[in-house]
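To keep things clear, I will list the structure first and then write my remarks on it.
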Amino acid sequence: MPPTSEITILLTDWCNGDQTALEKLMPLVERELHHIASRYMRRENPSHTLQTTALVNEAYLRLVDQKNVRWQNRAHFFAIAAQIMRRILLNYARDRHRAKRGGRAIQVSLSEVSMMSEEKSSELIALDEALKRLAAVDERKCRVVELKYFGGLSVEETAEVLQVAPITVMRDWNMAKAWLAREIRNGD
Amino acid sequence: MEINNWQEIETLFHAALQRAGPERAAYLSQECSGNALLLREVESLITAFETEHSFMEQPALSLGMQVLVDVPSGSLVGQLISHYKIVRLLGRGGMGEVYLAEDCRLERHVALKFLTHNFLDDGRGKRYLAREAKAVALLEHPNICAVYGIEEADGQNFIVMQFVEGQTLDHLIDDDRLEVERILALAEQIASALSAAHARGIIHRDIKPQNIMVTASGGVKVLDFGLAKLIEEKPGVKGAGDNPSQVSQQGLIIGTLAYMSPEQLRAEELDYKSDIFSFGIVLDEMLRGKNCFKRASEAETISAILANDPPPLDALTHLIKRETARIALKCLKKNRDERYQSTDELLLDVRSLQKGDAIQSQARLTGFARRAVKRGSYAVAGLALIVVLLSLLAFQYFNHMRVRTLAILPFSNESGDAGAEYVSDGLTQSLSDKLSPLSKLSVKSPTMVSVYKNRKTDPLVAGRELKVEAVLVGKIIKEDDALFLNTRLLNTADDSTLWEGHVKIEMDEIPTTQNKIIGNVISNLPVSLSEDERKSLTRPQTEQPEAFRLYLLGQYYWKNRNEENIKKAVSLFNRATDIDPLYAQAHAGLANSLVMLPRTSFGAQSTRDVMAQARAAARQAILIDPLLSEAHTSLGIIAFTYDWDWREAESRFQLASHLKPDDAAPHYWYSNMLTAMGRFDEAVKESVIARELDPFSPAETLNVGSTFYNARLFDRATEYDRRLLDENPNNSRALYLQGLILLKQEKYDDAIQVFKKIENKIYRDAVLGYAYAKLGDRDDALGMIKELEELSKPENKLPMEKAIVYIGLNDKENAFKFLEEAYTEHFITVAYLKVEPIFDDLHSDRRFADLIRRINLNP
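Printed below as a string of structure tokens:
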């Protein structure tokens, strides 16, 4: 099966409530994001590089067969990308932390080029912990943060994904921000 | 924390945010009456919300993208590739990932190394991989991590290696002081691994603690003969069409800077003595507990390796330790011929020390003997000097043509073919890039946009002005539809022609054309070249003619820079690096262009984004060629204007000017940085050097003027500014400086007349508004604010410009408000805050002192 149709079917399945479809979908999307990111960073005119959703959108257009999906699928796709981004950043931050403390024996020797500061990686790790606690109290706020912060979505796009009004997203975002900032600072 | 009234908290939070000050306090105390816990909860949320402005404001997506690019996902875990089941990620780095996998056929654990796509895209990565595997598969040694083979599955190439469990040496060094017996045991095993490899003609090229695995029982496995290269190709090793020397010809240097040998940094041909040097660093590190060359910045690290001896180790009373240090020192000689001449010799010394025997080598010379040798070498050196002087005299006597200094004047395009314009500029530039590193030649390559290129100044006059002994001039002409480059080498002293050349330019083969010209020029200059220099001269920047063409075109736009042209340059350099990802100069060109971008372009990008890209490009360039002056200059500019990391900036500029002594750019930027710090004497000195190196460049003349202006030597500033205005009365930068000087002399009316001549509104409105304000013309000043408001864009609200007008109006509240915005955005002008005289009125305010401290300077 060509990858486009496979992904389209998986995405539709997931939108229809099939959770196992998501697991299969993740690595495929991640590989494509990776591919697109390297191309963007190396090639594109820098004035376009960092338009936040362009990257995800391109992945979506490339991976999903446009004729056979409903518009809601696009929103779901963005949600996946945001989750992937969160995980990637967290893994990277953790690795950095671990490498710093030298805890683990690893067979690797290729020179490590780090692009994340010590503070940033600590902040990301703390943020992830706090987000998990937030999700336990208020799942939607956690999703808002994921989409806006990790997925780079605008308020309107976030509202579309979550099927709520933009004003609700704004309120969720403010509350979540205040709560997370306080949690992280207290954790220091 | 228990949260059972989340809804209530949230409602109160939003409602309270709608209210301010006492009203809020009253509201909250009423709503939470009696519930102190609830009140505290809401209040703390509001405090967090109002103080943590920047928290999560910038989406993490851009950081995520960088991580995505540089760090593959680790997503292979759980997959079956060929007959390997991937168990987990062991580690990752700049070039690839290493996984632990289960070999389902042989039922053993193995390590699989995948290279990133970046390196595999162009086929070079595949060659690299194949070469590594073949070279190392030949090695069987208990201290070398075995390579089982190279395989391809699902379109991915990977190396299958022995899986070693243990810790890398850097962790051992970090954790505790190593006993000398332990050090020697480790050193013996590392040296014997190297010795085995060297015996087979394989050098490691990347010896460092991270590459040395130590198992629980203390056994050593040297990993990653990743850069191993066969010094002598042996029959049966070389694959069809696979030229192992090709990769190194690219000048690709991969490895950790702090463990490189001097010759490796200079991208010279390497032999096993480079490994001996790196081994010396590792040995020294085991004794010292840290790397003896590693400094706070890359630039300082490079300088240390090239020029400094390792600092003496703390009083080593232990005899064996002292002797071990001596072995390390011998490995660490800058000149490779003074190191151990074979790895076996080194191994022998380590082993005899292990046995407690006396060392058999020269290292055992006692203090007296060593001093004697040293004295002797002075005598020899003195003698040599006399011989050199004599031969120089003889040379002058017999040969009046003695060229040590050369200027390459911009080639002119007289072909009538506008498309050849960039070729003429490009060839000028790349010739000077090639020739200037030669130790016996000083090469100047002035930018003479207005003076020489268009007005056809006599090249001899230019040559004398530049104080050089010869000038190279050239023009591109057209004959029978073909382009030719005619060149002449002129002796400045007597006007004679030393050499004339006529070379056909093959547009598809510009590198070849360039090599022909270089060959001709060099053979006609009375300089002798070392073997390394000769090699580096003919080594092309890139083997891809198209990448080279794009690069030249990019350089052309870069030299004729304005906002549009810089953007074009960025895109051209990007394309050049796409074709050849290992093209260091193109990466550096990209960095240079991006660094200049935010100042001229008030486009859609934040300073932060542009600087991040510039930094990445410069780092890539340095990874490929650590001694590329331009890339260090770029990093210096970023450190200076964006990071406000003065120490880093200073060492970058110093290194860059050391690497390319005839280049004005590092001196220009260094002078700017010194100015910004208030180190005016040094700043003036540097700006004058920059101008001497490039005397016809208006930018350099202006820079001397600006430096004097910031140092508040207004007469001297005016002197240089006049020169520019005499030449071109409409030079807007010169007019700007003239106006600023008038402002400081309180001649506000005159200043206004001058500023009005400047066309660019963004440029002039701020200072014009300031002058109006000083005259007491409040309405006109506010009019300028209004105009600036209209010119503002969401990405750049021109805070610095507005702040300046408000300073004139003595409205400090607004002035600081906008300065704060400029600070948040890291606008380039912020770096000059401390010294720029226009901010003088703010100096007494403690908020100003606070700002200065935040850009890491002393108020």
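Those protein sequence lines, which keep their order, are chains E and P.
For the first sequence, our numbering begins at 15 and goes up steadily by one.
For the second sequence, our numbering begins at 28 and goes up steadily by one.
All C-beta atoms, glycine included, are put in the ideal place defined by N, C-alpha and C.
- Within chain P, no residue has its CB atom less than 9 Å from the CB of N30 of chain E, the nearest being about 25 Å off.
- Closest by C-alpha distance to I98 of chain E, out of E:R185, E:S168 and E:F164, is E:F164.
- An exposed status is given to S81 of chain P, since fewer than 16 other beta-carbon atoms sit within 10 Å of its beta-carbon.
- With fewer than 16 other CB atoms across the displayed protein chains lying within 10 angstroms of its CB, R674 of chain P is exposed.
- Your pair L90 of chain P and V69 of chain P does not check out as a contact, with CB atoms roughly 32 Å apart and the cut at 8 Å.
- The Cβ of S819 of chain P sits no closer than 8 Å to any Cβ of chain E.
- With the rule of 3 Cβ pairs closer than 8 Å, the region 156-172 of chain E does not count as touching the region 38-46 of chain P.
- For N105 of chain E, the closest alpha carbon among the candidates E:S136, E:R88 and E:Q177 is that of E:S136.
- By the neighbour-count definition (other C-beta atoms within 10 Å, threshold 16), L346 of chain P is an exposed residue.
- The three-state secondary structure of N513 of chain P, taken from DSSP, is strand.
- Shown here is that no member of the region 709-723 of chain P has a Cβ falling below 7 Å from a Cβ of chain E.
- Legend: CB atoms of the region 132-144 of chain E lying less than 7 Å from CB atoms of chain P are not found in any residue.
- Secondary structure at R706 of chain P: coil, using DSSP grouped into helix, strand and coil.
- When rounded, the separation of the alpha-carbon atoms in I217 of chain P and I651 of chain P is 27 Å.
- Pairwise C-beta distances place the region 143-158 of chain E in contact with the region 189-200 of chain E, as three or more of them are shorter than 8 Å.
- Distance from the Cα of S459 of chain P is smallest, within the candidate group P:P437, P:A738 and P:I303, for P:P437.
- The DSSP-derived three-state label of D508 of chain P is coil.
- For L525 of chain P, the enclosing beta strand (DSSP E) stretches over residues T524 to I532.
- Non-local C-beta neighbours of A596 of chain P in its own chain, meaning closer than 6 Å and more than five positions away in sequence, comprise G581, Y584, W585 and S620, ordered along the chain.
- Membership of A434 of chain P in the beta strand (DSSP E) is indicated by the continuous run T432 to I435.
- Around the Cβ of D336 of chain P, a 10 Å sphere holds fewer than 16 other Cβ atoms; the residue is exposed.
- Rounded to whole angstroms, the separation of the alpha carbons of A830 of chain P and N823 of chain P is 13 Å.
- Judged by beta-carbon spacing, F680 of chain P lies beyond the 8 Å limit of P688 of chain P, meaning their Cβ atoms are not closer than that value.
- Residue burial annotation: G663 of chain P is buried, with at least 16 other C-beta atoms found within 10 angstroms of its C-beta.
- Contacts with chain P at 8 Å (Cβ-Cβ) include D152 of chain E.
- The Cβ atoms of A355 of chain P and L297 of chain P do not sit closer than 8 Å to each other.
- The beta-carbon of F82 of chain P is placed less than 8 Å from the nearest beta-carbon of chain E.
- Proximity of F91 of chain E to chain P, defined by a Cβ-Cβ separation below 8 Å, is not satisfied.
- Nearest in C-alpha terms to K382 of chain P, of all of P:A800, P:E215 and P:A220, is P:E215.
- When the beta-carbon positions are compared, W28 of chain E and L42 of chain E stay at least 8 Å from each other.
- Under the Cβ criterion of 8 Å, Y163 of chain E is counted among the residues facing chain P.
- Distance from the CA of L462 of chain P to the CA of A842 of chain P, rounded to the nearest whole angstrom, comes to 50 Å.
- Just so you know, the alpha carbons of M287 of chain P and K235 of chain P end up roughly 9 Å apart.
- The beta-bridge partner set that DSSP reports for F185 of chain P consists of P:F141 and P:E178.
- Around L103 of chain E, the beta-carbon contacts reaching into chain P at under 8 Å are A87, L90, G91 and V94.
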